[in-house]
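Here's the structure, in structure tokens; my notes come after.
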Amino acid sequence: MAIGKLGAPPVVGQPPNTLLTRPTWTEGLFSWLTTVDHKRLGILYLVTSFIFFGLGSIEALLIRLQLAIPDNTLLSPDFYNQMFTMHGVTMVFLAIMPMGIGLANYFVPLQIGARDLAFPRLNAFGYWVYFVGGLFIYTSLFLGGAPDVGWVAYAPLTSLSNNPGLGTDFYMIGLFVSGIGTLVTAMNLIVTVINMRAPGMTMMRVPMFTWMMLITSFLIIFAFPPLTVALFQVMMDRTFDTLFYVPAAGAMPILWQHLFWIFGHPEVYIIILPAFGVISEVIPTFSRKPLFGYPVIILSGIFIGFMGFAVWTHHMFTTGLGPVVNTAFALTSMVIGIPTGIKVFNWLGTIWGGKVRLTTSMLYAIAFLVTFTVGGITGIMLAVPPFTAQAHDTYFVVAHFHFVMGGGALLAFISGLYYWFPKITGKLLDERLGKLTFWIMVPSFWLIFFPQHFAGLMGMPRRTQTFVPGIGLEIWNLLSTVGALIMGVGLILFVLNIILGFVRGKPAGNDPWDARTLEWSTTSPPPYYDFDRQPVVNDRDAHWVQKYPESVHGERVPESASEPYDRGGAHIPGQSWYPFVAALALLPFSYGWLYDNMWVVGISMLVVTVATYAWALEGVGGKHIPVGDALDADTERGEGGRS
Numbered sequence: 038m039a040i041g042k043l044g045a046p047p048v049v050g051q052p053p054n055t056l057l058t059r060p061t062w063t064e065g066l067f068s069w070l071t072t073v074d075h076k077r078l079g080i081l082y083l084v085t086s087f088i089f090f091g092l093g094s095i096e097a098l099l100i101r102l103q104l105a106i107p108d109n110t111l112l113s114p115d116f117y118n119q120m121f122t123m124h125g126v127t128m129v130f131l132a133i134m135p136m137g138i139g140l141a142n143y144f145v146p147l148q149i150g151a152r153d154l155a156f157p158r159l160n161a162f163g164y165w166v167y168f169v170g171g172l173f174i175y176t177s178l179f180l181g182g183a184p185d186v187g188w189v190a191y192a193p194l195t196s197l198s199n200n201p202g203l204g205t206d207f208y209m210i211g212l213f214v215s216g217i218g219t220l221v222t223a224m225n226l227i228v229t230v231i232n233m234r235a236p237g238m239t240m241m242r243v244p245m246f247t248w249m250m251l252i253t254s255f256l257i258i259f260a261f262p263p264l265t266v267a268l269f270q271v272m273m274d275r276t277f278d279t280l281f282y283v284p285a286a287g288a289m290p291i292l293w294q295h296l297f298w299i300f301g302h303p304e305v306y307i308i309i310l311p312a313f314g315v316i317s318e319v320i321p322t323f324s325r326k327p328l329f330g331y332p333v334i335i336l337s338g339i340f341i342g343f344m345g346f347a348v349w350t351h352h353m354f355t356t357g358l359g360p361v362v363n364t365a366f367a368l369t370s371m372v373i374g375i376p377t378g379i380k381v382f383n384w385l386g387t388i389w390g391g392k393v394r395l396t397t398s399m400l401y402a403i404a405f406l407v408t409f410t411v412g413g414i415t416g417i418m419l420a421v422p423p424f425t426a427q428a429h430d431t432y433f434v435v436a437h438f439h440f441v442m443g444g445g446a447l448l449a450f451i452s453g454l455y456y457w458f459p460k461i462t463g464k465l466l467d468e469r470l471g472k473l474t475f476w477i478m479v480p481s482f483w484l485i486f487f488p489q490h491f492a493g494l495m496g497m498p499r500r501t502q503t504f505v506p507g508i509g510l511e512i513w514n515l516l517s518t519v520g521a522l523i524m525g526v527g528l529i530l531f532v533l534n535i536i537l538g539f540v541r542g543k544p545a546g547n548d549p550w551d552a553r554t555l556e557w558s559t560t561s562p563p564p565y566y567d568f569d570r571q572p573v574v575n576d577r578d579a580h581w582v583q584k585y586p587e588s589v590h591g592e593r594v595p596e597s598a599s600e601p602y603d604r605g606g607a608h609i610p611g612q613s614w615y616p617f618v619a620a621l622a623l624l625p626f627s628y629g630w631l632y633d634n635m636w637v638v639g640i641s642m643l644v645v646t647v648a649t650y651a652w653a654l655e656g657v658g659g660k661h662i663p664v665g666d667a668l669d670a671d672t673e674r675g676e677g678g679r680s
């Protein structure tokens, strides 16, 4: 594709004296740098998160190779510390969480009948800030050493006296910057779901994936500020010699653990609730049944979100908080398992009696149910303080959270990608290769992490570079390493299937799965304006009743009449340079802070300020789409180019 090709419809509202003219590229690199289309940004999120996931997987493989045999010297202790820290940071902040955000960017507007997110340019800014933060953290590998204090970065290990290198600064600044992108995206999703639903779509008709993303967005709004405060405090300690976490000055470093885990446990649900939403879309489609217990799943999701802020000290049972505190948080940690169990039974109730099709997507959804349930059971075990006193900081905990976050979120997102890939690209993935990949990846995942329960029960500690022979840990570590190598093959085949599907996949049509929600009522891939006519919703499964208007009671569902809502057509937002420029300026800002160069910090913030003002004064831009207008092919594929 040629870079810089022009061909979008004329923009409207372009002020005559803007700093940068509104771009109208339809193809090439610049069309992606300036895009505000939620679908393109969703693709960028997904591609970027899978690249980071690949990097995190390489780090995990290095960890497993080091632990394959006792007294191994493949990795030095310092480099091993960097690898397990970067693995955790990458998987939690840069890979798995952004996968859910990427799916939300693409599909939330489509599921609610909207033409974009509420604030398209803010959406672009959120992505580019996330990208800049992740890029900044990874440059640490080439600029003096990566973070090496674990992904939880406990104080006072992060103090300048204990860790004088730059790795901890990369960690703090990188997460501080990328967290800005996560926060603004969450705000954007909340406003979109509340204000931009199609006519007739009450909150009890909103698709479950969108519901879970709405709850997740509220969790982000309330969970990220404590982390931001903690990161800022450590940055102040390291840069300006403040005393927030200096024990000699009377500070209590345990404050970091409280602030981190007030964020950290809701973060588990920030990762897993979007996965619940994906599973709640996949299972009804391939069971050919409505989702069983729809209102109960919503209420349980809200309850999980609320209780997620009441369980954080179960990560701190061994810090001496006392029996009263430990007992209280043990109870809340057990209670939060109830709504999660309810969801599992709802999904089983949806499958029960359905006409189940074991597609690749459905296989991953079933694997999610089994794997996540096992992770939940071990979570209940860890909610018991006496047991945690023995298992804390052992590989039992490693196995638990990988079963929940890896076997839970990752398997669900892969299921969602197989499910929605035809909508994104208009092409089908190879089902035979997909099922082969499934039977490689899922058993190998279990081979990696199930033995770690036993290694942990035998006392193998986390975050150690090696182990001594003769204490019964050899077989469990060897099995985990073999599983990691096999899963690596499965991931390569998964990527190969994605590439082959994109290049030469069979045409999918608009609704290859005979699905139930609105995103399947538009073309594959959708046009840049999403819907030719404004959908009007008369049922929870809006697209299903359009195809099969007889309800379960034998009564005909009223037909939608979209014309009155389409008068005057639709305005589609135009591209913009300013979100990209403002976000990119945070990269030199981060390096200026890192190297104590306040000139670079000041100039970078000046660029951010100018870009923000120019953004505000840029004008409306975009284009006007008449009702039912069949645009020509060149115009139809992006703000821009291809959606």
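Letter by letter, the sequence shown follows residues 38 to 680 in the numbering used here. C-beta atoms are modelled at their ideal positions from N, C-alpha and C, and glycine is treated no differently. Since we're looking at a predicted model, the values are computed, not measured.
Assigned secondary structure, residue i (DSSP; H/G/I helix, E/B strand, else coil)
{"i": "Ile-662", "result": "strand"}
{"i": "Thr-431", "result": "strand"}
{"i": "Trp-581", "result": "helix"}
{"i": "Gly-591", "result": "The predicted position of Gly-591 is uncertain, since its pLDDT is 48 and thus under 50; a value taken from the coordinates is nonetheless stated next. Gly-591: coil per DSSP, three-state reduction."}
{"i": "Trp-62", "result": "strand"}
{"i": "Pro-114", "result": "helix"}
{"i": "Pro-625", "result": "helix"}
{"i": "Pro-563", "result": "coil"}
{"i": "Pro-498", "result": "strand"}
{"i": "Phe-366", "result": "helix"}
{"i": "Tyr-208", "result": "helix"}
{"i": "Ala-223", "result": "helix"}
{"i": "Tyr-282", "result": "coil"}
{"i": "Val-84", "result": "helix"}
{"i": "Leu-203", "result": "coil"}
{"i": "Leu-154", "result": "coil"}
{"i": "Asn-575", "result": "coil"}
{"i": "Lys-76", "result": "helix"}
{"i": "Phe-568", "result": "coil"}
{"i": "Trp-389", "result": "coil"}
{"i": "Arg-234", "result": "coil"}
{"i": "Gln-612", "result": "coil"}
{"i": "Gly-125", "result": "helix"}
{"i": "Ala-192", "result": "coil"}
{"i": "Ile-379", "result": "helix"}
{"i": "Val-348", "result": "coil"}
{"i": "Thr-518", "result": "helix"}
{"i": "Thr-229", "result": "helix"}
Anticipated Cβ contact below 8 Å, residue i with residue j, distance rounded
{"i": "Ile-95", "j": "Ala-446", "result": "About 19 Å; that fails the 8 Å criterion."}
{"i": "Leu-400", "j": "Phe-475", "result": "5 Å"}
{"i": "Arg-152", "j": "Tyr-566", "result": "6 Å"}
{"i": "Gly-314", "j": "Met-249", "result": "3 Å"}
{"i": "Ala-312", "j": "Gly-137", "result": "7 Å"}
{"i": "Val-73", "j": "Pro-157", "result": "4 Å"}
First through last residue of the alpha helix (DSSP H) which encompasses residue i
{"i": "Ile-106", "result": "Counting along the chain, Ile-106 falls outside any alpha helix (DSSP H), and DSSP gives it neither H nor E."}
{"i": "Ser-641", "result": "635 to 653"}
{"i": "Met-453", "result": "In the sequence on display, residue 453 carries Gly and not Met. Its alpha helix (DSSP H) spans residues 448 to 462."}
{"i": "Leu-555", "result": "No alpha helix (DSSP H) contains Leu-555, which DSSP labels as neither H nor E."}
{"i": "Ser-254", "result": "245 to 277"}
{"i": "Thr-397", "result": "397 to 419"}
{"i": "Arg-158", "result": "157 to 175"}
{"i": "Ala-141", "result": "134 to 149"}
{"i": "Phe-300", "result": "291 to 324"}
{"i": "Gly-338", "result": "331 to 344"}
Extent of the continuous beta strand (DSSP E) run through residue i
{"i": "Ala-607", "result": "607 to 609"}
Opposing strand residues paired with residue i [DSSP bridges]
{"i": "Pro-544", "result": "Lys-464"}
Q.
Would you call the stretch 364 to 371 in contact with the stretch 315 to 327, where contact means no fewer than 3 C-beta pairs closer than 8 Å?
A. Short answer: they don't touch.
Q: Count the C-beta pairs between the stretch 453 to 472 and the stretch 548 to 557 that are closer than 8 Å, then say yes if the count reaches three, no if not.
A: Yes, they touch.
Q. Should the stretch 395 to 410 be regarded as contacting the stretch 341 to 354, the criterion being three or more beta carbon pairs within less than 8 Å?
A. The way I'd put it, the stretch 395 to 410 doesn't touch the stretch 341 to 354; fewer than three beta-carbon pairs between them come closer than 8 Å.
Q) Is the stretch 253 to 264 close to the stretch 192 to 199, with three or more CB pairs under 8 Å? A) Short answer: they don't touch.
Q | contact_flag[the stretch 410 to 421, the stretch 437 to 445] where n(CB pairs < 8 Å) is 3 or more | A | The stretch 410 to 421 makes contact with the stretch 437 to 445; the number of CB pairs closer than 8 Å reaches 3 or more.
Q) When the Cβ atoms of the stretch 90 to 105 are set against those of the stretch 515 to 525, are three or more pairs found closer than 8 Å? A) Because the criterion of three Cβ pairs below 8 Å is met, the stretch 90 to 105 and the stretch 515 to 525 touch.
Q | Stretch pair the stretch 611 to 624 + the stretch 655 to 662: three plus CB contacts closer than 8 Å | A | Yes: the two stretches touch, three or more of their Cβ pairs being nearer than 8 Å.
(Q) With a threshold of 8 Å, are at least 3 pairs of Cβ atoms found where one atom belongs to the stretch 575 to 586 and the other to the stretch 498 to 509? (A) No, they do not touch.
Q: Decide if the stretch 541 to 549 is in contact with the stretch 104 to 122; the criterion is three or more beta carbon pairs, one per stretch, under 8 Å apart.
A: These segments do not touch.
Q) Any chance the stretch 177 to 184 sits against the stretch 640 to 647, with 3 or more Cβ pairs inside 8 Å? A) The stretch 177 to 184 is not in contact with the stretch 640 to 647.
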